[in-house]
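To start, the structure under review is shown below, and the notes come after it.
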Amino acid sequence: MYKISKENVFFEFNKKNKPILEVNPGEDLIIETDDCFKSQIKGENDLVTAIDFSKVNPATGPIAVKGAMPGDILVVDIMDIIVDKKGFMVAIPEEGAFGHHISEPITRVINIEDGFFIFSDDMKFPLNPMIGVIGVTPSGKPVPCGEIGNHGGNMDAKIIQKGSKLYFKVQVEGALFGLGDAHAGMGDGESVICGVEIPAVVTLKLDLIKKPDFLPERPIVETSDRVICIGHGKTMDEASEVALEDMLKLITNKTDLNKTDASMLISAVGDLKVCQIVDPQKTMRVEVPKSIFSKKGEYYL
0 MYKISKENVF FEFNKKNKPI LEVNPGEDLI IETDDCFKSQ IKGENDLVTA IDFSKVNPAT
60 GPIAVKGAMP GDILVVDIMD IIVDKKGFMV AIPEEGAFGH HISEPITRVI NIEDGFFIFS
120 DDMKFPLNPM IGVIGVTPSG KPVPCGEIGN HGGNMDAKII QKGSKLYFKV QVEGALFGLG
180 DAHAGMGDGE SVICGVEIPA VVTLKLDLIK KPDFLPERPI VETSDRVICI GHGKTMDEAS
240 EVALEDMLKL ITNKTDLNKT DASMLISAVG DLKVCQIVDP QKTMRVEVPK SIFSKKGEYY
300 L
């Protein structure tokens, strides 16, 4: 099993990036990720307004998968996420949903103890580790790791956690995969501009589907009981439309339902949820029961 240090990072998904490692399909990896500030914040006296923003949202990688070619699907099976002992949250005036209530930049240290993150002396909450930035490299122009695109990137979807499986459309040879921006906890919306930002160690498996019968344009997430499509757009409405259309395509391609029946099914059992609302491109997701895609008791997504 390979272990990759958080010192091996990139700041944009760029097809000119050289892979730090090539692995065979089906191999397990242990990947260290830095926090979204690239360790520039170490305490409450370090303000986000003073950091070098060219070094934010680092992703560990890129990692090439042997044999991955455009038109394949890269499957990322997240087996574990172990967060560090200390994370941070920040707030900035005029940023995020609450910026008009914030008078000056502030940094809050969030300690991790016994499976909880400690928000204050009298408030603690169970850890819910998740990955904010994860994706493959696009075939077109470079995309900063802090942005979202059809390749993935900064999706900030809290369902990307231990036990999740992600499906990415491979766009360049080797896929050139990377991930970062872990959180010890994050609410849907990430409304103050961040979650509990923290370094982490992620154990995952990378695999390939060659010549898939359905090739998704954007990432699909599978959990133990849900299938999720994530959409992005300038507004929450636009992002919702993208996610809903992607789910409609997925259901009509992977089941015998027509568009009318699939539309009604999504309306009956699908949940439209927020991922994040604070970036220029908003992200929304549509979740449906995984049982929709069962065939004789077996899942075949």
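In numbering that gives the first Met the number 0, the protein residues as written are 0 to 300.
Ideal placement from N, C-alpha and C gives every residue a C-beta, glycine not left out.
Simplified DSSP state of residue i, which is helix, strand or coil
i           : result
residue 122 : strand
residue 129 : strand
residue 265 : helix
residue 167 : strand
residue 26  : strand
residue 246 : helix
residue 68  : coil
residue 259 : helix
residue 21  : strand
residue 4   : coil
residue 287 : strand
residue 282 : strand
residue 53  : helix
residue 38  : coil
Residue i classed as buried or exposed, judged by whether at least 16 other C-beta atoms fall within 10 angstroms
i           : result
residue 100 : exposed
residue 139 : exposed
residue 268 : exposed
residue 266 : exposed
residue 153 : buried
residue 6   : exposed
residue 185 : buried
residue 258 : exposed
residue 38  : exposed
residue 189 : buried
residue 260 : exposed
residue 209 : exposed
Inter-residue spacing [alpha-carbon to alpha-carbon] between residue i and residue j
i           : j           : result
residue 0   : residue 21  : 12 angstroms
residue 227 : residue 281 : 16 angstroms
residue 84  : residue 157 : 20 angstroms
residue 301 : residue 216 : Because residue 301 is not part of the residues shown, which for the chain are 0 to 300, the question remains open.
residue 283 : residue 246 : 12 angstroms
residue 286 : residue 177 : 24 angstroms
residue 120 : residue 173 : 47 angstroms
residue 35  : residue 166 : 23 angstroms
residue 179 : residue 220 : 17 angstroms
residue 224 : residue 92  : 39 angstroms
residue 137 : residue 270 : 29 angstroms
residue 163 : residue 46  : 33 angstroms
residue 294 : residue 147 : 33 angstroms
residue 88  : residue 106 : 6 angstroms
residue 25  : residue 98  : 44 angstroms
residue 117 : residue 194 : 13 angstroms
residue 292 : residue 191 : 36 angstroms
residue 122 : residue 67  : 46 angstroms
residue 60  : residue 233 : 28 angstroms
residue 54  : residue 41  : 15 angstroms
residue 90  : residue 124 : 20 angstroms
residue 144 : residue 276 : 17 angstroms
residue 204 : residue 76  : 5 angstroms
residue 218 : residue 253 : 16 angstroms
residue 94  : residue 58  : 23 angstroms
- 3 or more residues per run - each beta strand (DSSP E) lying fully within the stretch 178-228: Correct list: 199-208, 219-221.
- Quick check: the stretch 108-115 against the stretch 45-59, are there 3 or more CB pairs under 8 angstroms? no
- Query: Is it true that the stretch 67-80 meets the stretch 129-137, where meeting means three or more beta-carbon pairs spaced less than 8 angstroms apart?
  - Reply: yes
- Message: Within 8 angstroms, do at least three Cβ pairs link the stretch 199-206 to the stretch 26-34?
- Response: yes
- Evaluate the contact criterion for the stretch 201-214 versus the stretch 65-73: three or more CB pairs, one atom per stretch, below 8 angstroms. yes
- 4 or more residues per run - each alpha helix (DSSP H) lying fully within the stretch 74-158: None, since the stretch 74-158 contains no complete alpha helix (DSSP H) of that length.
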